[in-house]
Every structure is written in C-alpha cells, then in structure tokens.
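Report on the structure given below.
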Amino acid sequence: MQSPAPGEVTVAIVSDLHCAGAAERARGNDYELRVIANPFLRAAVRFYRHVFWMRRPLDQSSQLDRFLAELGPADYLVANGDYSCDSGFVGVSDAAAAESVRECLEKLRARFGGRARFVLGDHELGKLNLAGTAGGMRLASWRCATETLGLQLFWQLTLGRYTLIGVTSSLLALPAFQMDVLPEEWPEWVELRRAHLRDIGAAFDALPSGQRVILFCHDPTALPFLWREEAVRRRLPQMEHTVIGHLHTRLILWKSRVLSGIPPVRFLGRSVGRLTSALHEARYWRPFRVRLCPALSGIELLNDGGYETLQLDPAAVRPAEFTFHPLPR
Numbered sequence: 002m003q004s005p006a007p008g009e010v011t012v013a014i015v016s017d018l019h020c021a022g023a024a025e026r027a028r029g030n031d032y033e034l035r036v037i038a039n040p041f042l043r044a045a046v047r048f049y050r051h052v053f054w055m056r057r058p059l060d061q062s063s064q065l066d067r068f069l070a071e072l073g074p075a076d077y078l079v080a081n082g083d084y085s086c087d088s089g090f091v092g093v094s095d096a097a098a099a100e101s102v103r104e105c106l107e108k109l110r111a112r113f114g115g116r117a118r119f120v121l122g123d124h125e126l127g128k129l130n131l132a133g134t135a136g137g138m139r140l141a142s143w144r145c146a147t148e149t150l151g152l153q154l155f156w157q158l159t160l161g162r163y164t165l166i167g168v169t170s171s172l173l174a175l176p177a178f179q180m181d182v183l184p185e186e187w188p189e190w191v192e193l194r195r196a197h198l199r200d201i202g203a204a205f206d207a208l209p210s211g212q213r214v215i216l217f218c219h220d221p222t223a224l225p226f227l228w229r230e231e232a233v234r235r236r237l238p239q240m241e242h243t244v245i246g247h248l249h250t251r252l253i254l255w256k257s258r259v260l261s262g263i264p265p266v267r268f269l270g271r272s273v274g275r276l277t278s279a280l281h282e283a284r285y286w287r288p289f290r291v292r293l294c295p296a297l298s299g300i301e302l303l304n305d306g307g308y309e310t311l312q313l314d315p316a317a318v319r320p321a322e323f324t325f326h327p328l329p330r
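In case it helps, my numbering puts the sequence shown at residues 2 to 330.
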C-alpha cells in the first residue's frame with residue numbers, strides 16, 4: 002500500500018464481503034437453486050451463478066482473512082455492506098446469516114475497534130432471491146442488525162474539512178423494494194425511512210459550506226431518491242465522491258452507465274423489473290460522482306475482487322485519492 006503523505010489520513014474500504022459461517026456453509030452452495038421450482042428458471046440461475054456471478058458463494062470467507070493480513074497501516078475502516086451470504090434470503094433474522102455477520106464484524110472490530118464504520122447492505126435486512134421466489138426484507142432483521150449486531154442506519158465521521166457519511170440504501174430506496182416487504186410490516190418500514198431521511202437532511206443542512214463530503218451508500222438504486230431530497234441536492238457541489246458496493250464488479254457499473262435511462266421491463270419477473278427500474282433512473286447517479294468498491298471476491302467470470310484505500314488530506318488542499326488493491330481468489 003502506498004505510504005501516505007505527512008498529515009494524511011488513510012481509510013481502508015471493503016465491500017460485499019459475503020462471509021459464511023458454519024451454519025450457512027452447511028446449507029451447501031446450491032442453496033438458492035433448491036428454492037426454485039421451475040426447472041427452466043433453475044437452469045438459468047445455475048448458469049448465471051456458475052459462469053458469471055459466483056460458483057461457490059459459501060466458500061469465500063478466507064478473502065476476509067487475506068484482506069486483513071495484506072492491508073497495511075490504516076487509520077480507519079469503512080465496510081460498505083453485505084457481510085453474509087444471506088442464504089435464508091431474509092437478512093440477519095435468519096440465525097445462520099446473523100452468525101456469519103457476527104463473525105465478520107468481530108474480525109474487523111478486533112483490528113480497528115472504534116475506528117471502524119459499517120454501512121448496512123441489502124443482505125443485512127433481507128431481499129428476494131434472484132428468481133423472486135423466496136425471501137424479502139424483515140423488520141426482525143432490522144432489529145437484529147441495529148440492536149444485536151450494533152450496526153447503525155446512519156453515521157458521520159469528520160476528518161478536518163472532510164465529512165464521511167454512511168446511509169442505508171434499502172431504506173432510501175424503499176419505494177423500489179415494496180415487493181420485498183410483508184404487507185403488515187410496510188407502515189413501520191415507511192416510518193423508519195422517514196426518520197432516516199430526517200437524520201440525513203439534518204446532517205446535510207448542518208454541513209459548513211467549505212466541507213467536502215465522501216458518501217458511503219451500498220446500493221446505487223438509492224441515489225435517485227437521495228437526489229430528490231432538497232437538503233442533499235443543495236450540497237451536491239460539495240460531494241467529492243460517493244462510494245457504492247452492491248454491483249460487485251466494475252463491469253456491471255460500466256453496463257449500468259451504458260444502459261442508463263432504459264424503460265422499466267416488468268413482464269420478465271420481479272428481479273428484472275426492479276433492475277431495469279433502477280437503470281431507468283441511473284442518470285441521477287452522475288452528480289454523486291460514483292465510485293465502486295468491488296466485492297472482496299469479485300465475480301466468477303473475471304476474478305476481479307479487491308479493496309480500496311482512501312488517502313485524505315484533512316486540510317482539503319489535495320483532493321481525495323483512491324487506490325484499488327486487487328485480491329484475486
């Protein structure tokens with residue numbers, strides 16, 4: 002890792018760790034295929050997982066140990082969400098997924114203590130599986146994540162003239178995820194979102210005019226919803242970078258930019274409808290100056306995983322400088 006200049010602060014950034022504890026590993030790498038009844042859909046998902054995405058998703062936990070062993074001195078850590086494989090598809094209300102997250106967080110906290118900041122990913126709260134046949138967001142997962150695992154929906158860290166802000170993308174993009182939510186839980190999710198937006202608005206309203214912002218948001222689907230908030234939109238000129246995860250690979254980020262603005266496609270199922278709806282609004286990502294931190298294990302096709310380090314000059318004389326560190330499997 003490049004040595005920081007005198008007075009600079011080094012922030013290690015890691016995303017989409019997707020660790021699997023013993024209980025998740027016991028479910029086997031075909032856990033997603035077993036809940037898809039349609040044989041043609043099951044074959045399509047198998048091909049996608051085996052060739053493009055990740056053939057053995059439950060066997061990647063060693064990447065976290067490699068990251069911690071390889072990482073040089075760093076003043077802070079930001080982990081940008083998705084700590085388990087969410088093999089139950091309902092987030093950390095599933096005991097196996099909670100065990101995976103706990104083990105992951107314990108390793109990161111052992112290294113960084115109070116200098117670690119954690120963003121919630123979609124898999125902490127739960128989401129429909131790729132085929133749209135199982136799972137979804139659960140309030141029990143939100144309670145476990147915040148009360149038991151100690152994750153915060155919103156946080157900020159001021160380092161001189163830089164402020165780092167972490168938000169919860171699944172709450173911000175809640176209108177896009179209504180199909181993932183149980184009808185009886187919807188009103189409480191809506192109230193959680195309103196409270197989250199109030200916290201974000203107050204933080205952006207309180208920013209000094211000369212302060213620069215580095216935003217951490219797991220899923221870029223949330224960015225158009227943030228753009229619609231006046232307090233955020235007014236401060237976009239101060240937004241130096243937004244670090245996202247979720248996409249796992251720069252290939253998908255590139256494709257997202259190419260396909261930005263396409264009309265939603267709703268006749269091919271829930272997952273395709275949600276994806277194309279997000280791409281329809283991807284033009285709103287641009288003012289946030291998006292930068293992807295790839296998944297620690299990358300994707301099967303490219304083996305392009307790794308992590309980032311961020312060098313910050315607290316006086317903001319020099320712009321923030323990111324360095325990507327490959328960590329091939």
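We put the beta carbon where it would ideally sit given N, CA and C, even for glycine.
For glutamate 185, does the count of other Cβ atoms within 10 angstroms reach 16, so buried, or fall short, so exposed?
-> Position 184 of the sequence shown, counted from the start, is the residue given in the question as residue 185. By the neighbour-count rule (16 or more Cβ atoms within 10 Å), glutamate 185 is not buried but exposed.
In this structure, what does DSSP give as the bridge partners for valine 218?
-> The residue given as residue 218 occupies position 217 in the sequence shown. Reading off the sequence, residue 218 comes out as cysteine, not valine. Cysteine 218 pairs with Val168.
Return the first residue and the last residue of the beta strand (DSSP E) that glutamate 309 is part of.
-> In the sequence shown, residue 309 corresponds to position 308, counting from 1. Counting along the chain, the beta strand (DSSP E) containing glutamate 309 begins and ends at 307–313.
Take glycine 133 as the anchor and find which of Leu78, Asp181, Phe323 and His51 has the nearest alpha-carbon.
-> Here residue 133 is taken as the residue at index 132 of the sequence shown, counted from 1. Nearest option by C-alpha distance: Asp181.
Apart from the five residues just before and just after leucine 297, which ones in its own chain have a Cβ nearer than 8 Å to its Cβ?
-> Position 296 of the sequence shown holds residue 297. Within the same chain, leucine 297 has close Cβ partners Val15, Ser16, Asp17, Leu18, His19, Gln61, Gln64, Leu65, Phe68, Gly306, Gly307, Tyr308 and Leu328.
Cβ-based neighbour list, arginine 292, same chain, cut-off 6 Å, excluding 5 preceding and 5 following | The residue you call residue 292 lines up with position 291 of the sequence shown. The residues are His242 and Val244.
Sorted by chain position, which residues of the same chain lie with C-beta nearer than 8 Å to leucine 208's C-beta, five sequence neighbours on each side aside?
-> As a position in the sequence shown, residue 208 is number 207, starting the count at 1. Correct list, in chain order: Thr164, Val214, Arg236 and Gln239.
Could you check what DSSP says for glycine 89 in three-state terms: helix, strand or coil?
-> Taking the first residue of the sequence shown as position 1, residue 89 is located at position 88. Glycine 89 sits in coil when the DSSP states are folded into three classes, being neither helix nor strand.
What are the boundary residues of the beta strand (DSSP E) that glutamine 157 is part of?
-> Taking the sequence shown and counting its residues from 1, one reaches residue 157 at position 156. From DSSP, the beta strand (DSSP E) with glutamine 157 extends over 156–160.
Does the separation of the CB atoms of threonine 222 and alanine 177 fall below 9 Å?
-> As a position in the sequence shown, residue 222 is number 221, starting the count at 1. As a position in the sequence shown, residue 177 is number 176, starting the count at 1. Yes, they are a contact pair.
Quick check: the segment 247–260 against the segment 189–199, are there 3 or more CB pairs under 8 Å?
-> no
Roughly how many angstroms lie between the CA atoms of leucine 131 and leucine 34, to the nearest whole one?
-> Along the sequence shown, one-based indexing puts residue 131 at 130. Along the sequence shown, one-based indexing puts residue 34 at 33. Approximately 10 Å between the Cα atoms of the pair.
Classification of threonine 11 by the beta-carbon crowding that lies within 10 angstroms, buried from 16 upward = Against the sequence shown, residue 11 aligns to sequence position 10. So threonine 11 counts as buried.
Quick one: any contact between the segment 35–42 and the segment 98–105, if contact means 3 or more CB pairs under 8 Å?
-> no
Touch test, the segment 121–130 against the segment 75–94, Cβ-Cβ under 8 Å, three pairs minimum | yes
Going by DSSP, what residues sit across from serine 298 in a beta bridge?
-> Here residue 298 refers to the residue found at position 297 when the sequence shown is read from its first residue. According to DSSP, which records beta bridges pairwise, serine 298 is partnered with nothing at all.
Can you tell me which of the three DSSP states histidine 326 falls into?
-> By one-based count along the sequence shown, residue 326 stands at place 325. Histidine 326: strand per DSSP, three-state reduction.
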